[in-house]
Structure formats: structure tokens, C-alpha cells
Amino acid sequence: MRLHIPSGALMRNCKYDYKIPGTDKVVKRGETVVVMTSAMHHDEKYFQNPDKFDPERFSDMRAIQKGVYLPFGCGPRMCFGEQLLQWKI
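Going by my numbering, the first residue of the sequence shown is number -17, and it counts up by one from there.
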């Protein structure tokens, strides 16, 4: 699910003006923000050897930074498949 994510991006609408830290850029309320989950899942900043299939990296989910591993999306419209998977396990 990390290497070949079903959806490579999430789109969200900004709920309030947000100044991006360290820049003079502001995301305005109502603008669409695209979160490239596929890029995060392949970033060495978050996953050592990101292109290697290594199921053991998930043996301790606490070691994975919150908000980085999003194979099912997030929020109220996240994929029902996660609940189905948990039920099957």
C-alpha cells in the first residue's frame, strides 16, 4: 500500500487562511490544497530505503511520523477499505 498507493494525492479545501511557516506564502480560505501522498511515501526523509518492499518497517507504527503514511486517505471521506481490512484481520 505504501509503494503502489491506489490514489497518489488527496485534495482538501482550506478552512482558514494559513501562512506557510518560513515563507511569505499564504493559503487562503477556500483554496484547494493537494497533498501528494505518493511523494511522501517515497521520501527518504520519512522512510529509510523508500523504494524497498520491507513489511517489517510497519511492525512499530509509533515509529512512523503521524500524517505521513496515508494509504487509505484521511478524514471523513477516507476509504472504507481500511475498516474492512481491520475487520478481516
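Every residue gets a Cβ at the ideal spot worked out from N, C-alpha and C, and that includes glycine. Remember, it's a predicted structure, so these values are computed and weren't measured experimentally.
DSSP links residue -6 through a beta bridge to 15. With fewer than 16 neighbouring CB atoms inside 10 Å of its own CB, residue -7 falls in the exposed class. 23 is the residue among 23, 27, 69 whose C-alpha sits nearest the C-alpha of residue 55.
In this structure, the beta-carbon distance from residue 17 to residue 45 does not fall below 8 Å. About 17 Å separates the Cβ atoms of residue 42 and residue 32, ruling out a contact at the 8 Å cut-off. Cβ neighbours of residue 58 within its own chain (closer than 7 Å, five residues either side excluded): none.
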